[in-house]
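Written out below as structure tokens is the structure these notes cover.
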Amino acid sequence: MQANTVVLQILDFRRVPPVAGRLVNMTREIRDVTRDKKLWRTFFVSPANNICFYGECSYYCSTEHALCGKPDQIEGSLAAFLPDLALAKRKTWRNPWRRSYHKRKKAEWEVDPDYCDEVKQTPPYDQGSRLLDIMDMTIFDFLMGNMDRHHYETFEKFGNDTFLIHLDNGRGFGKHSHDEMSILVPLIQCCRVKRSTYLRLQLLAKEEYKLSSLMEESLLQDQLSPVVIQSHLEAMDRRLRRVLKVLSDCIEKEGFPSVVENDLDGHASAHQHQSHGGR
């Protein structure tokens, strides 16, 4: 999880709560202090005499998918809590490019190459920056190999004028040797990207600002360093080149103005206005 947060910081997205790696004593720091009786009941001792728990959730919360310590020490990532739902309500959105999660039934985007045209006409993707935010999320997921982006969240208060909260990134950094191109389908089909994102990706492809080097340096500060092995770092550089190749093909096919959306002029104008006002 801490690696996912660093990726977002380097991309300048900053849409995941701050995370840090920690070595946790499951007995002393979780089981013996929790007031959640449902959580407490899921603790058990494994046949190898390790302390385990599986918690409560819709999927995979069972003894077969438990978290176990050695005997009760476990490496984990601790994330800052989002504001309580009573203070800041969130809305859950189905990802338009969600996988079917069915062995024989394919999702619509898998069989219709023009699927993005349909999405563009559907609220909230028909106006504002929502579609471009999906493209950012797609690039983020591809760089770390996360195929499991079935939903995302937003803060209700801001309506459609808000950012996407990137929660549940646990499937990232799985297979470093495989680049799952289906994750990039939204970008391939839509051929749209923010100019700020495009410029950042180009910068991270340069040797002096290499994505893998920035990742490695940032993660050295974590208590559990090294967090990501060298093969995963190299995979990110390789995947970054693939993203830029997709965008290059899009620009060649549709033209730069149709592909790269200028999201920087507004920021520049606001900055100039503040500068003039301060004189």
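Residues in the sequence shown are numbered consecutively from 1, following full-length UniProt numbering. We put the beta carbon where it would ideally sit given N, CA and C, even for glycine. The model shown is predicted, which means the values in this text are computed figures rather than measured ones.
In the DSSP annotation of this structure, Q127 is not part of any alpha helix (DSSP H), being labelled neither H nor E. Bridge pairing for T27: absent [DSSP]. In this chain, the beta strand (DSSP E) harbouring A79 covers Q73 to A79. Sixteen is the threshold: since fewer than 16 other Cβ atoms of the shown chains lie within 10 Å of the Cβ of M181, the residue is exposed. Closest option to L143, judged by alpha-carbon separation, among L211, Q189 and S129: L211. Within the DSSP bridge table, the entry for T154 names K91 as partners. Approximately 6 Å separates the beta-carbon atoms of V246 and L184; this is inside 8 Å, confirming the contact.
In terms of Cβ geometry, V24 and I74 form a close pair [threshold 8 Å].
Taken atom to atom, the span from the alpha-carbon of L85 to that of Q223 is near 31 Å. When the five nearest sequence neighbours on each side are left out, the beta carbons in the same chain lying within less than 7 Å of the beta carbon of D161 are those of G128, in order along the chain. For E254 against C191, the beta-carbon gap comes to about 6 Å, under 8 Å, which counts as contact. Inter-residue distance for F44 and R98 is about 35 Å (C-alpha atoms, whole angstroms). DSSP places A235 within a helical segment (H, G or I) once states are collapsed to three.
Counting only the Cα atoms, L82 lies some 21 Å from D136. Annotation: C57 is outside any alpha helix (DSSP H) and is labelled neither H nor E by DSSP. Straight-line measurement puts the Cα of F155 at about 6 Å from the Cα of K89. The C-beta separation of H176 from H232 comes to about 5 Å, placing the pair in contact by the 8 Å criterion.
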